[in-house]
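Here is the structure we will look at.
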Amino acid sequence: MVTKTALQVWPIPAFDDNYIWCIHDGQSALVVDPGDAGPVIAFLQKEALTLTGILITHHHADHTGGIVSLLSYAESSIDKVVPVYGPATESIPGRTHALMEGDAVEFTAPAIEFSVFEVPGHTLGHIAYFADGLAPKLFCGDTLFASGCGRLFEGTPTQMTLSLAKFAALPPETAVYCTHEYTLSNIRFALAVEPNNADLIAWSKHAHALREANTPTLPTTIAHERRVNPFMRSDQPDVIEAALRESGAPALPSDAHVLAAIRAWKDRF
Ligand code: ZN
Ligand code: FE
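So this is what it looks like as structure tokens:
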């Protein structure tokens, strides 16, 4: 007999640097942004888990490419239609539940409830899933990365600033499950923005040690990102000064202007 365990969240590595997060209780499992079905199926089989739901944050192929194969795997192995949750305003293969800001998503197995945030910026319809409680969790897709943020493929700097502000308002201890291992290159840039940030210098050492041991640098936390992530620090004097210097702009009148300057700098870094 399989014993149910407390809720666990595991990274399933995919492609070069994606993490497909698996939330499970020892029996039932949800996966977030399965860009590739192969590694997910291998993980489910190894851990003897039954897939009960798929959560999607945005339409990019490295987050959605495995949905169709996972659905046929689930249908043939457990003869069940697995629900696929995703943003209402993007095209998501197999989507059964179209989500908008404030929607609640509740699962009984594993037992977890999410509220949905709309976080445009990386894509226009991008959503994030937040589970409140004793150990709050955020599945943020490509909006927030450890020490960085997603590229603005579809949205504006103002949208991204507001999206990151939603995250900044979450409980500081919230564990943040980002979908790419971009941390070391993000830290290299963050240090160019804030070379004197002591928290960032300490984090850089720790993150390098983690990667040398082939350990994920994730999850991160909201509190940590507020200390080391330049994209969540566009109100800080050192960040504003660096943004002014690099952009050559005479003034950066809002947080969104600062974020725009930092994002443009990172894009050519
Ligand atoms: Zn993406
Ligand atoms: Fe991605």
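Counting in the working numbering, the sequence shown runs from 8 upward without gaps. Positions of the beta carbon are idealized from the N, C-alpha and C atoms, including for glycine. From a predicted model like this one, the values you see are computed outputs, not experimental measurements.
Given this structure, state the Cα-to-Cα distance separating residue i from residue j, to the nearest angstrom.
i	j	result
Ala95	His104	8 angstroms
Ala230	Ser154	12 angstroms
Asp242	Asn236	12 angstroms
Arg275	Asn203	22 angstroms
Glu125	Lys144	16 angstroms
Glu180	Leu62	22 angstroms
Glu219	Trp210	14 angstroms
Ile30	Gln15	6 angstroms
Glu201	Gly72	37 angstroms
Tyr258	Ile208	For clarity, residue 258 is Ala in the given sequence; the question names Tyr instead. Whole-angstrom Cα-Cα distance: 28 angstroms.
Tyr136	Gly93	10 angstroms
Cys156	Thr150	6 angstroms
His264	Thr130	19 angstroms
Which first and last residues belong to the alpha helix (DSSP H) in which residue i is found?
i	result
Arg166	Inspection of the sequence shows that residue 166 is occupied by Gln rather than by Arg. Its alpha helix (DSSP H) spans residues Pro164 to Ala175.
Thr103	It is not in any alpha helix (DSSP H) - Thr103 carries neither H nor E in the DSSP assignment.
Tyr80	Ile74 to Ile85
Gln52	Ala44 to Lys53
Leu217	Ala205 to Glu219
According to DSSP, is residue i part of a helix, a strand, or is it coil?
i	result
Phe196	helix
Leu191	helix
His277	Limits of the chain in this structure are 8 at one end and 276 at the other, which puts residue 277 out of reach.
Nearer than 7 angstroms: is that true of the beta carbon of residue i relative to any heavy atom of the ligand ZN?
i	result
Asp149	yes
Gly157	yes
His129	yes
Under the criterion of a Cβ to heavy atom distance below 7 angstroms, does residue i qualify as lining the ligand FE?
i	result
His187	yes
Asp274	no
His67	yes
His70	yes
Kindly indicate the opening and closing residues of the beta strand (DSSP E) around residue i.
i	result
Phe124	Ala118 to Glu125
His66	Here His66 belongs to no beta strand (DSSP E), and DSSP marks it neither H nor E.
Ala35	Here the sequence assigns Ser to residue 35, which means Ala is not the residue at that position. Counting along the chain, the beta strand (DSSP E) containing Ser35 begins and ends at Ser35 to Val39.
Leu251	Here Leu251 belongs to no beta strand (DSSP E); instead the alpha helix (DSSP H) covers Pro244 to Ser254.
Leu62	Thr57 to Leu62
Val112	Ala111 to Thr115
Ala138	Ile134 to Ala138
Between residue i and chain C, is there a C-beta pair that is closer than 8 angstroms?
i	result
Ser241	Checking the listed chains, one finds no chain C in this structure; it contains a single protein chain.
### Task
Indicate whether the contact test is met: 3 or more Cβ pairs, each with one atom in the segment 262 to 274 and one in the segment 158 to 171, closer than 8 angstroms.
Enough Cβ pairs lie closer than 8 angstroms, so yes.
### Task
Pair every Cβ in the segment 46 to 63 with every Cβ in the segment 104 to 122, then say whether three or more of these pairs are closer than 8 angstroms.
Yes: at least three Cβ pairs fall under 8 angstroms.
#### Entry: Stretch-stretch touch, CB-based, cutoff 8 angstroms, three pairs: the segment 181 to 188 with the segment 220 to 229
Two segments are said to touch when three or more pairs of C-beta atoms, one from each, lie closer than 8 angstroms; by this definition the segment 181 to 188 touches the segment 220 to 229.
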